[in-house]
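> For what it's worth, my numbering labels the leading residue of the sequence shown as 1, then goes sequentially.
For glycine and all other residues, C-beta sits at the position ideal for the given N, C-alpha and C.
All values derive from a computational prediction rather than experimental measurement.
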Amino acid sequence: MSKSAERNQPLAVCDPVWERVRTEAEEMAAGEPILASFLYSTILNHRNFNEAVAYHLAQKLGNAEVHSMQLRELFDEAMREQPDIGEATRADIVAYYERDPACHSYIQPILYFKGFHALQGYRVAHWLWSNDRRAMALYLQSRISELFAVDIHPAAKVGRGVFIDHATGIVIGETAVVEDDVSMLHHVTLGGTGKEQGDRHPKVRRGVLISVGAKVLGNIEIGEYSRIGAGSVVLHAVPEHCTAVGVPAKIVGCAGCDKPAHAMDHIIRQEGSLDAEG
1 MSKSAERNQP
11 LAVCDPVWER
21 VRTEAEEMAA
31 GEPILASFLY
41 STILNHRNFN
51 EAVAYHLAQK
61 LGNAEVHSMQ
71 LRELFDEAMR
81 EQPDIGEATR
91 ADIVAYYERD
101 PACHSYIQPI
111 LYFKGFHALQ
121 GYRVAHWLWS
131 NDRRAMALYL
141 QSRISELFAV
151 DIHPAAKVGR
161 GVFIDHATGI
171 VIGETAVVED
181 DVSMLHHVTL
191 GGTGKEQGDR
201 HPKVRRGVLI
211 SVGAKVLGNI
221 EIGEYSRIGA
231 GSVVLHAVPE
241 HCTAVGVPAK
251 IVGCAGCDKP
261 AHAMDHIIRQ
271 EGSLDAEG
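#1: Taking Gly253 as part of the beta strand (DSSP E), name the residues at either end of that continuous run.
#2: Measure the C-alpha to C-alpha separation of Gly194 and Val212 and round it to an integer number of angstroms.
#3: For Leu35, tell me which candidate among Tyr112, Leu74, Asp76, Ile93 has the shortest Cα-Cα distance.
#4: Going by DSSP in three states, Phe75 sits in which element: helix, strand or coil?
#5: Going by CA-CA distance only, name the one from Leu190, Tyr106, Ser232, Arg206 that's closest to Ala176.
#6: How many Å lie between Glu179 and Arg133 at the Cα?
#7: What do you reckon, are the CB atoms on Ala255 and His266 nearer than 9 angstroms?
#8: Nearest to His201 by CA position, among Glu174, Gly246, Trp18, is which residue?
#9: DSSP three-state call for Met184: helix, strand or coil?
#10: If you check the beta carbons only, do Arg205 and Val158 fall under 9 angstroms apart?
#11: Can you tell me whether Thr193 is helix, strand or coil according to DSSP?
#12: Can the beta-carbon of Ala102 be found closer than 9 angstroms to that of Val182?
#13: Within the chosen definition, does the segment 78-91 reach the segment 49-62 through at least 3 CB pairs nearer than 8 angstroms?
In structure tokens, the structure reads:
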């Protein structure tokens, strides 16, 4: 059976995220007929979630040098060989829906959010890097950066349930680690401090919230469920469940709640300030 014929075969698999995305696509097509063709080609003509995401990413990232059909085959291969990619992508969609007040459906990140697109493109690039296909991994990194203004090195390690809001200007270095359930906003840098070699980038632990324009530099650890304030420059480790703010950043108190990456509360409340509670 050819690959094109194989794609037309139905799959009887329980996938709540995919079912919801399809339902939303059908409703959107009925409510906005101008988008119907786009929605059918992007979502409704595909037999499963992975194939729909692979198709849409390939359409965005393809160009005259590397055609979208070639990229689609590559993305299909990556998701087939490493099922974790599709599982992480589903977790990312849920993260966007739950944490972004501008996200009102599961389908929106797939169709429109470039932070989501860049993150899923990185996931394929990381698979390529891990399988010694570094030239293609670096090509994808460059293309993602060019198209989405998001630069994630394919060797970096990024967990699932990650939310990158707005995304413009995001930089994540080669030896950086971003664990599960992290949220970050635009113009965040996880970078080095100079020309040092080896393990030189931040380790961002589970559930961290990094606000707009923060720079975290060097091989330092940002403890789980901590917060980094907007515009901060972090040069030293941040303990878990703490808030760091300033240039250079200093610890100013606790993280404000158990799960700051989910709460998405960027207000720093200090005793005696106008923003203090009580």
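The short version:
#1: 249-254
#2: 23 angstroms
#3: The residue from Tyr112, Leu74, Asp76, Ile93 with its alpha-carbon nearest to that of Leu35 is Tyr112.
#4: helix
#5: Leu190
#6: 24 angstroms
#7: no
#8: Glu174
#9: strand
#10: no
#11: coil
#12: Contact: no.
#13: The way I'd put it, the segment 78-91 does touch the segment 49-62; three or more beta-carbon pairs between them come closer than 8 angstroms.
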